[in-house]
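Numbering (this note's numbering) for the sequence shown: 32 to 126. Below is one structure; the comments refer to it alone.
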Amino acid sequence: MSPIEGHTVWIHNKLEWGTWAGVDAITEDGKKITSNWSISHKGFHLTIPDDISSYYLHFGLISFEEVKTRGPFTNDQDACWHFHGNVFKWKVYTC
32 MSPIEGHTVW IHNKLEWGTW AGVDAITEDG KKITSNWSIS HKGFHLTIPD DISSYYLHFG
92 LISFEEVKTR GPFTNDQDAC WHFHGNVFKW KVYTC
């Protein structure tokens with residue numbers, strides 16, 4: 032059995048039908064770790080490698096609102112977030 036490497040950030044896209052959402056994981060010095068996206072009502076995940084001690088999440092969609100940044104987070108456990116709303120007004124919450 033291989034050891035688990037890193038932690039998973041699960042994203043639930045609960046936006047109105049047809050709305051695209053994406054998340055970037057960023058280091059404290061602004062370097063991109065990973066990213067992923069989905070169309071509404073499809074979930075996705077990011078894997079944060081073990082060698083990253085802390086990170087920020089940048090939540091975004093094709094929208095009239097700015098990207099929402101959360102963090103910093105320590106990379107010591109899995110996490111879960113969900114998007115709600117539409118292109119005019121949207122929010123992100125922890126699960």
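Even glycine gets a Cβ: it sits at the ideal position worked out from N, Cα and C. Predicted, not measured: the structure shown is a model, and the values here were computed from it.
For residue 122, which beta-bridge partners are listed by DSSP?
Within the sequence shown, numbered from 1, the residue matching residue 122 stands at position 91. According to DSSP, which records beta bridges pairwise, residue 122 is partnered with 115.
Reducing DSSP to helix, strand and coil, say where residue 43 ends up.
The residue labelled residue 43 in the question sits at position 12 within the sequence shown. Strand.
Take the Cβ of residue 50 as the centre, count every other Cβ of all protein chains shown within 10 Å, and call the residue buried at 16 or more, exposed below.
Taking the first residue of the sequence shown as position 1, residue 50 is located at position 19. Per the 10 Å Cβ criterion, buried.
Residues near residue 78 by beta carbon distance below 7 Å, same chain, minus five either side
Taking the first residue of the sequence shown as position 1, residue 78 is located at position 47. Within the same chain, residue 78 has close Cβ partners 37, 39 and 65.
Same chain, Cβ closer than 7 Å to residue 81, five either side skipped, listed in chain order
Locating residue 81 in the sequence shown gives position 50, counting from the first residue. So the list reads 36 and 37, once near-sequence residues are dropped.
Would you please state the rounded distance, in angstroms, between the beta carbons of residue 54 and residue 70? I believe it to be under 8 Å.
For the purposes of this step, residue 54 is identified with residue 23 of the sequence shown, where counting begins at 1. For the purposes of this step, residue 70 is identified with residue 39 of the sequence shown, where counting begins at 1. With a Cβ gap of about 14 Å, residue 54 and residue 70 do not count as contacting.
Just the Cα atoms here: how many angstroms apart are residue 46 and residue 114?
Along the sequence shown, one-based indexing puts residue 46 at 15. Along the sequence shown, one-based indexing puts residue 114 at 83. For residue 46 and residue 114, the distance between alpha carbons rounds to 6 Å.
Among 72, 125 and 118, nearest to residue 100 - alpha-carbon criterion
Residue 100 sits at position 69 when you count from the first residue of the sequence shown. Residue 100 has its Cα closest to that of 125, out of 72, 125 and 118.
Straight-line CA distance for residue 111 to residue 76?
For the purposes of this step, residue 111 is taken as residue 80 along the sequence shown, with counting starting at 1. For the purposes of this step, residue 76 is taken as residue 45 along the sequence shown, with counting starting at 1. Looking at the two C-alpha atoms, the distance is approximately 9 Å.
C-alpha gap between residue 95 and residue 117, whole angstroms:
Position 64 of the sequence shown, counted from the start, is the residue given in the question as residue 95. Position 86 of the sequence shown, counted from the start, is the residue given in the question as residue 117. Answer to the nearest angstrom: the Cα atoms are 10 Å apart.
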